[in-house]
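Novice:
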Amino acid sequence: MKNVLQSVTDRISTKRGMWITLGIWALITVLLATFAPSAQDYQVSSIETLPEDAQSVVASEKVDTYVEDSNNLPALLVFESTESEIELSELTELFNAIDAENIAGIEEVIPLGELPPQATEGFFSANEEAALIPLHLNNTLDTPEIKDTLNQIQHLTNQHTDLNLYVTGPAGIATDTNDLFSRVDLVLIMSTVGIILVLLVVIYRSPLLALIPLVAAGWVYLIVAQLLGLLGKAGLLMSTQSISIMTILLFAAVVDYSLFVFSRFREELKTHENKHNAMKIAMRGTGLPVFYSSGTVLAAMLILIFASLGDYQNFAPIFGTTLVVIMLASVTLVPALFTFFGRKSFWPLIPRVGQSPVKTNSFWSKVGRFVTKKPIVSVSIIGLFILVSASNILNLDYEFNMLKSFPEDMPSREGYEIVEENFEAGSLAPTTVLFEGKDAVSGDEQEALMENLSEQPLVSSVRIDQMTDDETVISYSMTFEENPYEAQTMDALETIRNDSDAIVEASNLNGYLFFAGETATSVDDRSLNNRDLILIIVLESILIFVMLIFLTRSFKMPLYMMGTILVSFAAALGLGMFLTNLFFDIDTISNRVPVYAFIFLVALGIDYNIMLVSRFMEEKEKYPAKKAVEIAVANTGGVISSAGIILATTFAVLMTQPIQLLFVFGFIVAVGILIDTFLIRGVLLPGLLVLFEKDKPREPMKSK
Numbered sequence: 093m094k095n096v097l098q099s100v101t102d103r104i105s106t107k108r109g110m111w112i113t114l115g116i117w118a119l120i121t122v123l124l125a126t127f128a129p130s131a132q133d134y135q136v137s138s139i140e141t142l143p144e145d146a147q148s149v150v151a152s153e154k155v156d157t158y159v160e161d162s163n164n165l166p167a168l169l170v171f172e173s174t175e176s177e178i179e180l181s182e183l184t185e186l187f188n189a190i191d192a193e194n195i196a197g198i199e200e201v202i203p204l205g206e207l208p209p210q211a212t213e214g215f216f217s218a219n220e221e222a223a224l225i226p227l228h229l230n231n232t233l234d235t236p237e238i239k240d241t242l243n244q245i246q247h248l249t250n251q252h253t254d255l256n257l258y259v260t261g262p263a264g265i266a267t268d269t270n271d272l273f274s275r276v277d278l279v280l281i282m283s284t285v286g287i288i289l290v291l292l293v294v295i296y297r298s299p300l301l302a303l304i305p306l307v308a309a310g311w312v313y314l315i316v317a318q319l320l321g322l323l324g325k326a327g328l329l330m331s332t333q334s335i336s337i338m339t340i341l342l343f344a345a346v347v348d349y350s351l352f353v354f355s356r357f358r359e360e361l362k363t364h365e366n367k368h369n370a371m372k373i374a375m376r377g378t379g380l381p382v383f384y385s386s387g388t389v390l391a392a393m394l395i396l397i398f399a400s401l402g403d404y405q406n407f408a409p410i411f412g413t414t415l416v417v418i419m420l421a422s423v424t425l426v427p428a429l430f431t432f433f434g435r436k437s438f439w440p441l442i443p444r445v446g447q448s449p450v451k452t453n454s455f456w457s458k459v460g461r462f463v464t465k466k467p468i469v470s471v472s473i474i475g476l477f478i479l480v481s482a483s484n485i486l487n488l489d490y491e492f493n494m495l496k497s498f499p500e501d502m503p504s505r506e507g508y509e510i511v512e513e514n515f516e517a518g519s520l521a522p523t524t525v526l527f528e529g530k531d532a533v534s535g536d537e538q539e540a541l542m543e544n545l546s547e548q549p550l551v552s553s554v555r556i557d558q559m560t561d562d563e564t565v566i567s568y569s570m571t572f573e574e575n576p577y578e579a580q581t582m583d584a585l586e587t588i589r590n591d592s593d594a595i596v597e598a599s600n601l602n603g604y605l606f607f608a609g610e611t612a613t614s615v616d617d618r619s620l621n622n623r624d625l626i627l628i629i630v631l632e633s634i635l636i637f638v639m640l641i642f643l644t645r646s647f648k649m650p651l652y653m654m655g656t657i658l659v660s661f662a663a664a665l666g667l668g669m670f671l672t673n674l675f676f677d678i679d680t681i682s683n684r685v686p687v688y689a690f691i692f693l694v695a696l697g698i699d700y701n702i703m704l705v706s707r708f709m710e711e712k713e714k715y716p717a718k719k720a721v722e723i724a725v726a727n728t729g730g731v732i733s734s735a736g737i738i739l740a741t742t743f744a745v746l747m748t749q750p751i752q753l754l755f756v757f758g759f760i761v762a763v764g765i766l767i768d769t770f771l772i773r774g775v776l777l778p779g780l781l782v783l784f785e786k787d788k789p790r791e792p793m794k795s796k
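In the working numbering, the protein residues as written are 93 to 796.
1. Using the Cβ count rule (16 or more neighbours within 10 Å means buried), how would you classify residue 436?
2. Residue 118: which of 310, 406 and 369 sits nearest, CA to CA?
3. To the nearest angstrom, how far is it from the Cα of residue 223 to the Cα of residue 636?
4. Hey, which unbroken runs of the alpha helix (DSSP H) at 4 residues or more fall wholly within the region 223 to 265?
5. Classify residue 749 as helix, strand or coil using the three-state DSSP reduction.
6. Could you tell me the boundaries of the alpha helix (DSSP H) in which residue 414 lies?
7. Consult DSSP for residue 305 and reduce its assignment to one of helix, strand or coil.
8. Under a Cβ-count criterion, where at least 16 other Cβ atoms within 10 Å of its own Cβ denotes burial, should residue 793 be classed as buried or exposed?
9. Ignoring anything shorter than 4 residues, give me the alpha helix (DSSP H) runs that lie fully in the region 629 to 699, in order along the chain.
10. Is the distance from the Cβ of residue 462 to the Cβ of residue 470 below 8 Å?
11. In the structure shown, what three-state DSSP assignment does residue 95 receive?
12. Measuring CB to CB, does residue 459 end up less than 8 Å from residue 705?
13. Can you tell me whether residue 490 is helix, strand or coil according to DSSP?
14. Looking only at its chain, what residues have a beta carbon closer than 7 Å to the beta carbon of residue 711, apart from the 5 residues adjacent to it on each side?
15. According to DSSP, is residue 127 part of a helix, a strand, or is it coil?
16. Can you name, in chain order, every residue of its own chain whose Cβ lies under 6 Å from the Cβ of residue 796, other than the five neighbours on each side?
17. Is the Cβ-Cβ distance between residue 507 and residue 168 less than 8 Å?
18. Please state if the CB of residue 656 and the CB of residue 777 are separated by a distance shorter than 8 Å.
19. Identify every residue that forms a DSSP beta bridge with residue 167.
20. When the Cα of residue 571 is compared with those of 596, 521 and 560, which residue comes out closest?
21. Kindly provide the ranges of any beta strand (DSSP E) runs that are 3 or more residues long and lie completely inside the region 498 to 544, ordered along the chain.
22. Alpha carbon to alpha carbon, what distance is there between residue 362 and residue 434?
23. Could you tell me the alpha carbon to alpha carbon distance between residue 138 and residue 746, rounded to whole angstroms?
24. Could you round the C-beta distance between residue 322 and residue 125 to whole angstroms and report it? I think they count as a contact, below 8 Å.
25. Please name the residue, chosen from 786, 406, 422 and 667, that lies closest to residue 480 on a Cα-to-Cα basis.
26. Can you give the Cα-Cα distance for residue 102 and residue 372, rounded to whole angstroms?
27. Out of 424, 670, 306 and 200, which has the shortest C-alpha to C-alpha gap to residue 97?
28. Quick test of the definition: if touching needs 3 or more C-beta pairs under 8 Å, does the region 646 to 664 touch the region 760 to 768?
29. Among 768, 281, 417 and 757, whose alpha-carbon lies nearest the alpha-carbon of residue 700?
30. For residue 115, count the other beta carbons within 10 Å of its own beta carbon; 16 or more makes it buried, fewer makes it exposed. Which is it?
31. Could you tell me how far apart the beta carbons of residue 341 and residue 414 are, in whole angstroms, since I believe they sit closer than 8 Å?
32. Is it buried or exposed for residue 365, if we count other Cβ within 10 angstroms and need 16 for buried?
33. So, does the region 497 to 513 touch the region 547 to 560, judging by three or more C-beta pairs under 8 Å?
34. Quick check: the Cα distance between residue 492 and residue 756, rounded to an integer number of angstroms?
35. Ignore the nearest five residues each way along the sequence and tell me which others in residue 592's own chain have a CB closer than 6 Å to its CB.
36. Between which two residues does the alpha helix (DSSP H) harbouring residue 151 extend?
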């Protein structure tokens, strides 16, 4: 691999190879832009996450089979009056108008005027200042059609009432989510490019040096967007969330690898007059580490194909495709662009032959000397900080309610919170319990099963919904006392589900119970997410460890390279949550955040490990281990720290997004990258190298 890669980069560094490389990339871009669709054509607000064999999915399919209208799309209409009680007559007039309008997509309108008083009471809050009425839409409607239907209902509400209407439930959430992300991609790209440009100019004080990595990143983005479009055309659905994170990863990684290339290029320009020779030598030093670095990120992303949850699996083809293009660009396009501009890339601070490669009084030169002189002190101080930060992961509190991740002024969230405040907490999302029997169920048996279900932990009420004509299958609506998305409610349902056979037997029935609904889905999601977290940590750690063995040709060195990455992740998660609570008053996180954070912190953090250790190994061929560490820290510290600052700030752009999950994820990854950059790579890992890497025994001089 090393010889092949060196041969490729040597050819690219020549004048002819440079032009051929740029020409090939330009041709590929034009062809894809002309003939391939864009990834945006196949983006969806969300994808199915649970596998087909998950208990809640199986239960949902059973419900769809046996229960009429169960596969309709629910829209929960939440009415609020800020001045007086809501009159039944007012809502009756409105729903008559909705029914008369024959709005496309509405499958069923509740005939409020025909229901007995005891039936309509359940639609109103205790103070009668809020009302909750379900509406069923056709589940074949796409999001724009749902929005049009709901807009017509809103228009009729404004005409016939003075009430505030908030639409929540699946229909309302779908339209709000679509609106939320309608302009996210453009804002995200512009924010990312703007921040990277400013940081590059400030750090390197060269306008052209700031533009070249962004040109490379933009070039790669154009190609990736069209390649993902081809995957979309082939049947791959891509969530907007995945595309948002992919955009950040792409720009951050390309700029990162560009910094590694031009840093070594600048160093070699101080030794070699010819820019082509300087790039050839530079890529011999950085080509393999950069290729390995991007390769480890690619491998980490492809591991996600083994996950159970669909949103993790969705990352694999999206990020895998992105990383393949980034890998190729990092060792072909990026060096070709810098070779094209040559010394002008660094104007006005143009490197000249004869200049010192690294200033001996630079910050990282001083750090390198301190660590090599006092490795135990260095490792102990940083190690203590890492362990204290990591200890906070014991206090993590997970949030399973997706709506809590949305902006507070989003209509579906506002409606949800009105229901939560004015109605029984469990009425937000009752659980459907389906009994599938082998024989007809008598009236007494129906009541017995209902009573046994009512006696289960945290169950508030159970009522019969429907029964099949042959009376072998019956569905119940089970409402919990607490919020259906709370952990204690999920624990209660999990207990009931595990005891379902005993409940059936106690009711003298012969059959099976199935549980469908939001709480059942959350139970499965939590269980599978925990399984995926363990699987991903184990598989990625083993895979990266093996790759590091091949890179370092050592078994010992990858141990502490990988060990520092893992403790760094734990510290980032613990410290990140402490700071989000302290500064942003966010005390819970989505259960997706630890998985997302691990994937990116480990994959990206190992990049800096590889760059440092590769330089250490290179210098160790010429110097003792301590001196090699000092030189490696001095020469890579500047580029790694600047790359880390840019990478952290780039991920922090996700904090501008309207989804709390992305906000917290972006913040934690930013914190983790800064820990990696300044503490792990700058002090802890060099200290471990000094302590554990010994000098090779020198051969005795032969007597003449």
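All C-beta atoms, glycine included, are put in the ideal place defined by N, C-alpha and C.
Specialist: By the coordinates alone:
1. exposed
2. 310
3. 55 Å
4. 235 to 252
5. coil
6. 402 to 423
7. helix
8. Summary for residue 793: the model assigns pLDDT 47, below 50, so the residue's position carries little reliability; its value from the coordinates is reported in the next sentence. It is exposed - the Cβ of residue 793 has fewer than 16 other Cβ atoms within 10 Å.
9. 648 to 676
10. yes
11. helix
12. no
13. strand
14. 720, 723 and 724
15. helix
16. Because the pLDDT at residue 796 is just 42, under 50, the model does not fix this residue reliably, and the value given afterwards should be weighed accordingly. Once the five neighbours on either side are set aside, residue 796 has no close Cβ partner at all.
17. yes
18. yes
19. 227
20. 521
21. 523 to 529
22. 12 Å
23. 18 Å
24. Not quite, the Cβ-Cβ distance comes to about 12 Å (not below 8 Å), so this is no contact.
25. 667
26. 5 Å
27. 424
28. yes
29. 768
30. exposed
31. 7 Å
32. exposed
33. no
34. 14 Å
35. 605
36. 147 to 158
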